[in-house]
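Heads up: the sequence shown begins at 1459 in the numbering used here, then just goes up one per residue.
Where a beta carbon is used, it is the ideal one built from N, C-alpha and C, also for glycine.
Everything numeric in this text was worked out from a predicted model, so none of it was measured.
Structure first, then comments.
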Amino acid sequence: MRTWRLAPWRRAPLLAFGSPITVVAVLVTTAVLACALASAPLLLSSARSAALQAQLAPQCAEAAQPATAATVRFEPGTAPERLAEQADANRKVWTDRGRDPERALLVLSSIGPAGNPQAAVPVRDTTGTPMSQPATLVWRPGATDHVEVVDSAPGPGVWLPASYAEAANATVGDAITIADTSVPVAGVYTDLFDTDPGPYWCDYGDLYLNETSANVPPPALLLAADQETLLVLSSAAGLLQTTEQVPTRLDELSVDEARDLVAEQRAAAGELTDGEGTALVGSGWNERLDRAVERAELIEAGLRGPVVAVAAAAGVLALLLVAASGGFWADRRSAEVRLLAARGAGPAALGGKAALELFLPALLGAAAGWLTARVLVGALGPADDLDRAAVVVAVLAGAGAFLAGLGGAAVAAGLRARGTVERPLGSARVASPPSRGSWRWSSPRGCAGCCWRAATRSCWRAGSRRSTACSSRSRSWGSSGRRCWRPGSARGCCRRCAGGPAGVDRRCSWRSTGWPPRRERRPPCSSR
């Protein structure tokens, strides 16, 4: 641990940008690694959100809205105030969750004379004659503002479709009887099936469209001018349905958010209870949102295999590039690596120094890679609405890319530094000489033998076989009168032959001389 407190390691983070080429190499490769790993969860989330939105887009806006519906039954003649309290209780399950739902009150059936529920509500015209076509009643905020008005008057009452008003021979100001309750006609509007109803009435098509071309048309759709009018009429009918819908924006809806909304609406529907004098006979929620979420998750499961496989392959390739940048760092710092190794630093310490120096570039590269993946998926992906969980997983993938890249670069740098220290760059292994006895040409003794033989042959040619007076430190004269150079010891030979104590391989080693050894040029044995 003392090594890590020394100056080369303590100052390593400050030396990160000393080599711009190394910084760029680490930053780019780490960014590629982080982008490859973080793009997988982001792309899967984008595809899942696009699948959800593609399913809900052709449907009405209410298909993407969490909602609860409750149908209550009560004795005809129940006070409208109690019905208002029951409607408020259904709304409260949403307001307690911080939601602001939109209410819709409907009377789709009534209690018949025999005490059995029957479809729609019976209606009598202005003369008290029963109408052949019953009616349904709806109240929504701003309902009368989303129809084509034929005639209207201020005040409470009901609005009749033009065809139904003609059949009842009713005009604005007349009174008709609905469920044995007289109510004024407050307005007349063009039948919705004769106009473009728009998105406001999209989810209520079953109430005014005869899409199956049935012989019996759907009941006439009567609009209550206010909530109090509908509660009075529902009190006479004996049944009331309340619907609370939470507005959402489909173009910003992700699967994660839709899953939360599904769970929330199920929990809210489970809290609906009976009221005072009323009995809950039916409850439910928006099941279309449930089905859309299930299909989106199924599509995402089918894409997960190829997307993860491609991301993993790209990550492995990028990790190799990051490791190569660590080896590049060792090459760029070879002089410093040799110096630290000469002073006792091992591969682990050198790899740690590389990690400290490359920490900031790797961190910036991982952040840049994650940001690049987020921008690319948002701009080029199927949808820009990503799940929170996918973003968190992408962040963790970026952090993992940073750690893996930094660790890979450090390991590669340590291995490269060890190779640089143990075998100098550019060096090669010394080849073994051919089999010729047990003489070792790379040893000092073998070098001495090489020098001795070379000098002996040189002096023999000069004609003096007994010239043995040469010493290792000086030149002397042989008995033949000719000057001869000859080593006097193995160490002296190596020093004279190689030019220094560390130069054994310079002339006499097998690597440089080959086989047979080349004859070295020696000082000639000349006469005086």
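Proximity test, Cβ basis, 8 angstroms: Arg1506 and chain D = Absent here is chain D; the protein component of the structure consists of one chain.
Would the region 1733–1741 and the region 1703–1722 be scored as touching if the rule is three or more Cβ pairs under 8 angstroms?
-> With a cut-off of 8 angstroms, the region 1703–1722 and the region 1733–1741 do not count as touching, because too few Cβ pairs lie within range.
Apart from the five residues on each side of it in sequence, which residues of its chain come closer than 7 angstroms, Cβ to Cβ, to Asp1714?
-> For the purposes of this step, residue 1714 is taken as residue 256 along the sequence shown, with counting starting at 1. Taking Asp1714 as the centre and dropping the five residues before and after it, the same chain places the C-beta of Asp1845, Arg1846 and Ala1847 closer than 7 angstroms to its C-beta, in chain order.
So, Leu1618 versus Val1646, is the Cβ gap smaller than 8 angstroms?
-> Translated into the one-based positions of the sequence shown, residue 1618 becomes position 160. Translated into the one-based positions of the sequence shown, residue 1646 becomes position 188. Val1646 is positioned such that its CB atom lies closer than 8 angstroms to that of Leu1618.
Do Leu1747 and Ala1521 come within 8 angstroms of each other at the CB atom, strictly closer than that value?
-> Indexing the sequence shown from 1 puts residue 1521 at position 63. Indexing the sequence shown from 1 puts residue 1747 at position 289. Contact: yes.
How should Ala2020 be labelled, buried or exposed, when 16 other C-beta atoms within 10 angstroms of its C-beta is the threshold for buried?
-> Outside the modelled stretch of the chain, which goes from 1459 to 1986, sits residue 2020, for which no answer is possible.
How far does the beta strand (DSSP E) with Val1720 in it reach, from first residue to last?
-> What you label residue 1720 is simply residue 262 of the sequence shown in a count that begins at 1. Element bounds for Val1720: not the beta strand (DSSP E) but the alpha helix (DSSP H), Val1713 to Gly1728.
Tell me which same chain residues have a C-beta within less than 7 angstroms of the C-beta of Gly1570, skipping the five on either side of it?
-> In the sequence shown, counting from the first residue as 1, residue 1570 sits at position 112. Excluding residues within five positions, the ones whose Cβ falls inside 7 angstroms are Gln1576.
How big is the Cα-Cα spacing for Gly1696 and Ser1568?
-> Walking along the sequence shown from the start, residue 1696 turns up at place 238. Walking along the sequence shown from the start, residue 1568 turns up at place 110. Going from the Cα of Gly1696 to the Cα of Ser1568 covers about 6 angstroms.
Decide yes or no for the touch test of the region 1481–1491 against the region 1819–1830: beta carbon pairs closer than 8 angstroms, at least 3 of them.
-> Output reads yes: the region 1819–1830 touches the region 1481–1491.
Cβ neighbours of Thr1926 in the same chain (closer than 7 angstroms, five flanking residues each side left out) = By one-based count along the sequence shown, residue 1926 stands at place 468. Model confidence at Thr1926 stands at a pLDDT of 37, short of 50, so the residue's coordinates are unreliable and nothing is read from them.
Start-to-end residues for the alpha helix (DSSP H) that takes in Val1579 | To locate residue 1579, count along the sequence shown from 1; it is residue 121. First-last for Val1579: undefined, no H or E at that position.
What residues in its chain sit with their C-beta under 7 angstroms from that of Ile1634, if we drop five residues either side in the sequence?
-> Residue numbering aside, residue 1634 sits at position 176 when the sequence shown is read from its first letter. Contacts found: Val1581, Arg1582, Asp1583, Thr1584, Ala1626, Ala1628, Val1641 and Val1643.
Looking at the unbroken alpha helix (DSSP H) that takes in Pro1478, where does it start and where does it end?
-> Residue 1478 sits at position 20 when you count from the first residue of the sequence shown. First-last of the alpha helix (DSSP H) with Pro1478: Pro1478 to Leu1514.
Start and end of the alpha helix (DSSP H) containing Pro1539?
-> Along the sequence shown, one-based indexing puts residue 1539 at 81. According to the sequence shown, residue 1539 is Glu rather than Pro. Pro1538 to Thr1553 is the span of the alpha helix (DSSP H), which, as asked, contains Glu1539.
If we ignore side chains and look at the alpha-carbon of each, how far apart do Glu1702 and Glu1560 end up?
-> Here residue 1702 refers to the residue found at position 244 of the sequence shown. Here residue 1560 refers to the residue found at position 102 of the sequence shown. Our two residues, Glu1702 and Glu1560, have alpha carbons roughly 5 angstroms apart in a direct line.
If we ignore side chains and look at the alpha-carbon of each, how far apart do Leu1595 and Leu1564 end up?
-> Residue mapping note: residue 1595 aligns to position 137 of the sequence shown, counting from 1. Residue mapping note: residue 1564 aligns to position 106 of the sequence shown, counting from 1. Between Leu1595 and Leu1564, the C-alpha separation is close to 6 angstroms.
Beta-carbon spacing of Ala1494, Thr1830 below 8 angstroms | Within the sequence shown, numbered from 1, the residue matching residue 1494 stands at position 36. Within the sequence shown, numbered from 1, the residue matching residue 1830 stands at position 372. No, these two residues do not count as a Cβ contact at 8 angstroms.
Alpha helix (DSSP H) containing Gln1699: first to last residue?
-> Here residue 1699 refers to the residue found at position 241 when the sequence shown is read from its first residue. Element bounds for Gln1699: not the alpha helix (DSSP H) but the beta strand (DSSP E), Leu1697 to Gln1703.
Hey, how far is the Cα of Asp1732 from the Cα of Ala1572?
-> Position 274 of the sequence shown, counted from the first residue, corresponds to residue 1732. Position 114 of the sequence shown, counted from the first residue, corresponds to residue 1572. Cα to Cα, the separation comes out at about 24 angstroms.
Using 8 angstroms as the Cβ pair cut-off and three pairs as the minimum, do the region 1849–1864 and the region 1508–1515 touch?
-> At 8 angstroms Cβ cutoff, the stretches do not touch.
Reduced DSSP category for Asp1652 - H, G, I as helix; E, B as strand; rest coil = For the purposes of this step, residue 1652 is identified with residue 194 of the sequence shown, where counting begins at 1. Of the three classes helix, strand and coil, the one that applies to Asp1652 here is helix, per DSSP.
Kindly indicate which residue of Leu1821, Val1616 and Arg1749 has the alpha-carbon position closest to the one of Gly1631.
-> Sequence index remark: in the sequence shown, residue 1631 carries index 173 (1-based). Here the closest residue by C-alpha is Val1616.
Mind checking whether Val1780 and Gly1866 have CB atoms under 8 angstroms apart?
-> On the sequence shown, position 322 is the one that residue 1780 refers to. On the sequence shown, position 408 is the one that residue 1866 refers to. In this structure, Gly1866 lies closer than 8 angstroms to Val1780 by Cβ.
For Leu1756, count neighbouring Cβ atoms within 10 angstroms of its own Cβ and tell me buried if that reaches 16, exposed if not.
-> Your numbering for residue 1756 matches position 298 in the sequence shown. In the assembly as shown, Leu1756 is an exposed residue. Its beta-carbon has fewer than 16 other beta-carbons within 10 Å.
Contact check, Ala1498 vs Ala1859 under 8 angstroms by CB: the rounded distance?
-> Your numbering for residue 1498 matches position 40 in the sequence shown. Your numbering for residue 1859 matches position 401 in the sequence shown. Not a contact, Cβ separation roughly 11 angstroms.
Continuous alpha helix (DSSP H) stretch holding Arg1832: start and end = Here the question's residue 1832 lines up with position 374 in the sequence shown. Counted as a single uninterrupted DSSP element, the alpha helix (DSSP H) harbouring Arg1832 occupies residues Phe1817 to Leu1838.
Less than 8 angstroms separating the beta-carbons of Ala1725 and Gly1785?
-> Taking the first residue of the sequence shown as position 1, residue 1725 is located at position 267. Taking the first residue of the sequence shown as position 1, residue 1785 is located at position 327. No, they are not a contact pair.
Pull up the distance between the alpha-carbon of Pro1614 and that of Pro1677, whole angstroms please.
-> By 1-based counting over the sequence shown, the position of residue 1614 is 156. By 1-based counting over the sequence shown, the position of residue 1677 is 219. Distance between the alpha carbons of Pro1614 and Pro1677: 22 angstroms.
Nearest-angstrom Cα distance between Val1530 and Gln1699?
-> Stepping through the sequence shown from its first residue, residue 1530 is reached at position 72. Stepping through the sequence shown from its first residue, residue 1699 is reached at position 241. One C-alpha to the other measures close to 6 angstroms.
Under 8 angstroms, do Leu1502 and Val1720 count as touching if we go by C-beta distance?
-> Numbered from 1 along the sequence shown, position 44 holds the residue referred to as residue 1502. Numbered from 1 along the sequence shown, position 262 holds the residue referred to as residue 1720. Going by C-beta atoms, Leu1502 is not nearer than 8 angstroms to Val1720.
Nearest-angstrom Cβ-Cβ length linking Ala1593 and Val1605, presumed shorter than 8 angstroms | Position 135 of the sequence shown, counting from 1, holds the residue named residue 1593. Position 147 of the sequence shown, counting from 1, holds the residue named residue 1605. 15 angstroms between Cβ atoms; not a contact.
For the alpha helix (DSSP H) that Tyr1647 lies in, which residues bound it at each end?
-> Counted from its first residue, the sequence shown places residue 1647 at position 189. For Tyr1647, there is no enclosing alpha helix (DSSP H); the residue is part of the beta strand (DSSP E) that begins and ends at Thr1639 to Tyr1647.
Beta-carbon proximity list for Arg1717, same chain, < 8 angstroms, skipping 5 on both sides = Position 259 of the sequence shown, counting from 1, holds the residue named residue 1717. The beta carbon of Arg1717 sits closer than 8 angstroms to those of Val1751, all from its chain and outside the five residues before and after it, given in chain order.
What did DSSP end up calling Ser1590 once you bin it into helix, strand or coil?
-> Here residue 1590 corresponds to residue number 132 of the sequence shown, with the count starting at 1. Three-state DSSP puts Ser1590 in coil, outside helix and strand.
Exposed or buried, what is Pro1478 when buried is set at 16 or more other beta-carbons lying within 10 Å of its beta-carbon?
-> Working through the sequence shown from its first residue, we reach residue 1478 at position 20. For Pro1478, the number of other beta carbons within 10 angstroms of its own is below 16, and it is reported as exposed.
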